[in-house]
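In this note's numbering, the protein residues as written are 6 to 567.
Even for Gly, the Cβ is constructed at its ideal location relative to N, Cα and C.
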């Protein structure tokens, strides 16, 4: 211990004053020196491991490469044991082996692991604890039988008692032996690593299907035995404090879990079906910071337009698109950009998905009478500068939003329409007079999310005459142009895509458009004039990303079907 502390001082990782505090922390628990020092937050784990590496002459790796590493030994040793001792064997295909460890002061577990998996020689590296846990999970998840084996363990052992755990326990550290708990933890952990937004657990007559929604598309990940169904659903309901005895009515609940440094909020919904309860888990990463417009992958004109739009003094800014197209993220990004001490910003949402520091957020609650309309009417009396209305659903909400905009407030809201011009038609259908629309609405934004091609496996592709037929006869000059298409690899879960970017259609209501809206609410005529005046359509914005190699032409046409 003394050697480590002196090394930290010598390398100027800590001051002498901090060194005394570290010494006291280490004396409290001499069996867990690294954890004791990290817990003080006076020095980082990386700094500690770098110094230990010099003392023990072991190299330090902040990242562990798990590609080209075999996992044939997984059946010989349990995931829980490796996590408990903080060791992961990285056995290469050329028979060389590296043992990644977190604590070099006790090498007995390393010898145990080597003996269990039949290693006769190996080298050592130091790595952060979370890096080791992540590598362990990656190797076990990659062996396709991992989750399936967990499910079969439940049936074989007939576990019926579900042990409760602390809702915010770290799933990476949970070593419970109950297979049902391990299966749920595995599902959530795998879904987070895959970037999934939802987990669907769907019962059928003879099967149980588990699917993840990744980048907006559902993928089947697991089909456990039907006998697992009751235990699996009950376990998740226990985590969310839902009534496990009630299976005849829909229920909603929420829970929180930690996966390493990530705080994950789980929104859980069940509905009764003919073959049991259907359950969906919505995953929300509360640890992530909000994106800035500059990180959206926007074209320069769209970025400039958005930045000027959100800084107007009054009027309505509408964001349109189907469910799951990122409307809320765009609105939150806009609010984050303009949030400052000299502005009063209030929102009314259903539900409040993320907490925004310095912004007043109201939750819609129909049971207590807090609707969008009533909440909005109260907000106006709170002297706000900027108002966000989660969604305009009826004429009452629309009317109050318009009156707020006309009396000097900047109002953000959303509508469910296919494109920007369709928002005008939708407002007229709700009963809003056309003169109120033209005098209050400043900008209408339509958006979609397109999947980004995986950089590791995307393939070059040259457009053929058959491909350009989808351009409605306007794409002859594109024949032979180089684009990219998806292939699929282990890094993108064989989908060919990894992540999503937004495409925009921004319609600013100039004088010509406002005059036209007074005469007609025909979306086609409004769009025709907007395009003539320079508006870039959703499909055109998407094609810009296609020719930059960001996404595929088929992905753009999938999300912009006209």
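Would you kindly work out how many angstroms separate the C-alpha atoms of residue i and residue j, rounded to a whole number?
i	j	result
residue 189	residue 231	15 Å
residue 326	residue 426	12 Å
residue 269	residue 440	46 Å
residue 172	residue 218	Residue placement at residue 172 is poorly supported in this model, since its pLDDT is 41, which falls under 50; the coordinates are not used for a value here.
residue 182	residue 86	In this prediction, residue 182 has a pLDDT of 47, which is less than 50 and means its spatial position is unreliable; what the coordinates show is noted afterwards. Answer to the nearest angstrom: the Cα atoms are 11 Å apart.
residue 366	residue 354	7 Å
residue 370	residue 424	30 Å
residue 552	residue 545	11 Å
residue 58	residue 124	23 Å
residue 446	residue 50	53 Å
residue 258	residue 248	10 Å
residue 318	residue 302	26 Å
residue 467	residue 52	50 Å
residue 216	residue 453	23 Å
residue 128	residue 207	46 Å
residue 5	residue 121	Only positions 6 to 567 of the chain appear in the structure, and residue 5 is not among them; the question remains open.
residue 386	residue 417	17 Å
residue 521	residue 310	22 Å
residue 39	residue 47	12 Å
residue 374	residue 384	15 Å
residue 549	residue 509	11 Å
residue 405	residue 419	14 Å
residue 336	residue 563	24 Å
residue 348	residue 276	42 Å
residue 71	residue 459	18 Å
residue 225	residue 56	45 Å
residue 184	residue 539	59 Å
residue 163	residue 244	Legend: pLDDT at residue 163 = 40, less than 50; position of this residue unreliable, value from coordinates given subsequently. Rounded to whole angstroms, residue 163 to residue 244 spans 20 Å at the Cα level.
residue 444	residue 222	39 Å
Please report the residue range of the alpha helix (DSSP H) in which residue i lies.
i	result
residue 191	184-198
residue 427	425-435
residue 57	50-61
residue 306	305-314
residue 244	234-244
residue 337	332-343
residue 382	377-385
residue 535	528-537
residue 407	400-411
residue 82	Where residue 82 is concerned, there is no enclosing alpha helix (DSSP H), given that its DSSP letter is neither H nor E.
residue 367	First-last for residue 367: 365-368, but that is the beta strand (DSSP E), not the alpha helix (DSSP H).
residue 121	113-122
residue 470	470-473
Tell me whether the beta-carbon of residue i lies closer than 8 Å to the beta-carbon of residue j.
i	j	result
residue 203	residue 287	yes
residue 449	residue 512	yes
residue 195	residue 146	yes
residue 82	residue 107	no
residue 65	residue 112	no
residue 340	residue 351	no
residue 266	residue 360	no
residue 392	residue 437	no
residue 547	residue 473	no
residue 428	residue 543	no
residue 297	residue 250	no
residue 133	residue 54	yes
residue 74	residue 97	yes
Report back the beta-carbon spacing between residue i and residue j to the nearest angstrom; my notes put them in contact at under 8 Å.
i	j	result
residue 332	residue 322	Actually they do not touch by this definition, with Cβ atoms about 11 Å apart.
residue 465	residue 487	6 Å
residue 4	residue 557	In the structure as shown, the chain starts at 6 and stops at 567, and residue 4 therefore has no counterpart that could be examined.
residue 411	residue 394	Actually they are not in contact, since the Cβ atoms of residue 411 and residue 394 sit about 15 Å apart, beyond 8 Å.
residue 342	residue 315	6 Å
residue 535	residue 518	6 Å
residue 205	residue 285	5 Å
Among all the DSSP beta bridges, which residues are the ones paired with residue i?
i	result
residue 419	324
residue 281	278
residue 3	In the structure as shown, the chain begins at 6 and stops at 567. Residue 3 is therefore absent and cannot be evaluated.
residue 224	217
residue 490	464
residue 74	97
residue 393	352 and 417
residue 65	131
residue 270	261 and 289
residue 142	None, per the DSSP bridge assignment.
Between which two residues does the beta strand (DSSP E) containing residue i stretch?
i	result
residue 512	502-513
residue 257	256-264
residue 545	No beta strand (DSSP E) contains residue 545, which is instead part of the alpha helix (DSSP H) from 543-552.
residue 214	213-219
residue 455	446-458
residue 208	201-208
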